[in-house]
Amino acid sequence: QTTGLVGLAVAENPHERLRILYTKILGVLQNIPKDAAYRKYTEQIVNERFDLVKKETDVQKLQDKLNSGQIEEVIVQAENELSLARKMIQWKPWEPLVEEPPSDQWRWPI
Amino acid sequence: TVRPKNEVEQKQLCAFGEYVAEILPKYIQQVQVTCFNELELLIHPDGIIPVLTFLRDHTNAQFKSLADLTAVDVPSRQYRFEIVYNLLSLRFNSRIRVKTYTDELTPVDSAVSVHKAANWYEREVWDMYGVFFANHPDLRRILTDYGFEGHPFRKDFPLSGYVEV
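The listed protein sequences correspond, in order, to chains A and B. Going by the UniProt record's numbering, the first sequence opens with residue 1, and the numbers climb by one from there. Going by the UniProt record's numbering, the second sequence opens with residue 1, and the numbers climb by one from there.
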């Protein structure tokens with residue numbers, strides 16, 4: 001019983017952990033305005049993965065269906081997504097552009 | 001011989017570029033895909049840390065690896081230095097380039113909090129170009145000699161330097 005990756009321990013009860021993480025992410029996303037593209041796409045991704053986790057109880061088959069590496073990697077990715085969602089609430093990237101660049105800034109060749 | 005055009009990859013990169021531009025309209029000024037299938041995001045300097053964290057943490061864009069951090073000096077522009085970040089996604093096997101701009105005196109946020117690998121790269125950009133990185137843990141010279149004055153990679157620095165050796 002090993003993940004095969006250095007530094008990642010085997011997760012016992014991954015379904016429970018993923019369930020908790022995905023509910024937390026969806027809770028955090030409620031604080032973002034409804035029309036933000038980040039909220040739309042992240043909810044779509046999280047709901048898809050959540051449905052797959054709920055339906056499939058076998059770990060191997062779940063890994064194949066998610067097609068995203070080991071279950072422990074999926075758990076790490078969900079934790080990253082949660083921290084990103086919390087930071088997004090502070091940064092608010094759905095607002096319009098902060099400042100236009102000078103007109104010759106991105107012209108190439110000069 | 002000419003490299004054959006890969007239309008499928010070009011379309012995928014264009015679609016991904018539009019996806020990212022839709023999620024982060026506050027910082028992304030332009031998105032372009034070169035003819036060699038390289039995606040570039042042109043950013044406002046305030047948005048370095050948000051964009052890099054988004055690209056590292058989001059499920060559809062797991063760009064966990066910072067491959068390169070450089071600067072380009074174009075003296076005729078108002079913001080003469082262009083900072084370039086090259087990221088690699090191991091999960092999806094794809095690369096992306098993030099570009100920002102600054103002039104000689106404006107500090108830029110350090111990417112060390114997002115990617116530990118940026119540490120020495122930012123020291124090199126400081127040493128060679130003179131771009132100051134705020135919140136960098138240890139910003140000092142890395143390639144020039146100990147008492148060296150000047151920033152060698154700038155376009156107005158002469159080829160054989162100011163001091164005779």
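Virtual Cβ for every residue (Gly too), placed ideally from N, Cα, C.
Within the same chain, Cβ atoms closer than 7 angstroms to the Cβ of Phe153/B are found at Asp73, Met128, Tyr129, the five residues on either side in sequence being excluded.
Taken atom to atom, the span from the alpha-carbon of Ala134/B to that of Leu87/B is near 21 angstroms. Per DSSP, Ala67/B is not a residue of any alpha helix (DSSP H); the beta strand (DSSP E) it occupies stretches across 65 to 73. The secondary-structure analysis by DSSP pairs Ile48/B with nothing; it has no beta-bridge partner. In summary, the residues of the stretch 58 to 83 of chain B whose CB is separated from some CB of chain A by less than 8 angstroms are His58, Thr59, Asn60, Gln62, Val74, Ser76, Arg77, Gln78, Tyr79, in the order they occur in the chain. Each of Pro33/A, Gln30/A, Ala37/A, Phe50/A was checked against the Cα of Ile75/A, and the nearest Cα belongs to Phe50/A. Distance from the CA atom of Ala78/A to the CA atom of Glu164/B, rounded to whole angstroms, is 57 angstroms. Where Thr102/B is concerned, there is no enclosing alpha helix (DSSP H), although the beta strand (DSSP E) around it starts and stops at 94 to 102. It is roughly 21 angstroms from the alpha-carbon of Leu90/B to the alpha-carbon of Asn6/B. A direct Cα-to-Cα measurement between Leu69/B and Thr102/B gives close to 14 angstroms. Tyr27/B is not a Cβ neighbour of Val28/A, given a cutoff of 8 angstroms. Under a criterion of Cβ atoms nearer than 7 angstroms, the residues of chain B adjacent to Asn80/A are, in order, Asp57.
CA-CA distance, Gly7/A to Gln63/A, rounds to 19 angstroms.
Contact of Lys54/A with chain B is not assigned, every C-beta pair being separated by 8 angstroms or more. Residue contact check for Lys34/A against chain B: no CB pair falls below 8 angstroms. In this structure Val59/A touches Pro14/A by the C-beta definition: roughly 6 angstroms separates them, less than 8 angstroms.
About 5 angstroms separates the beta carbon of Val131/B from that of Phe81/B, a gap short enough to meet the 8 angstroms contact definition. CA-to-CA, the gap between Ala36/A and Glu149/B works out to about 48 angstroms. Between the alpha carbons of Val98/B and Phe157/B lies a gap of roughly 26 angstroms. With distances taken between CA atoms, His58/B lies nearest to Met88/A out of Gln70/A, Met88/A, Lys92/A. Of all residues in the stretch 120 to 138 of chain B, none places a beta-carbon less than 9 angstroms from a beta-carbon of chain A. Within chain A, no C-beta atom comes nearer than 7 angstroms to that of Phe16/B; the closest sits roughly 12 angstroms away. What Gln60/A touches in chain B, judged by beta-carbon distance under 7 angstroms, is nothing: the nearest beta carbon there is about 19 angstroms away.
The bridge partners DSSP lists for Tyr85/B are Leu69/B, Val98/B.
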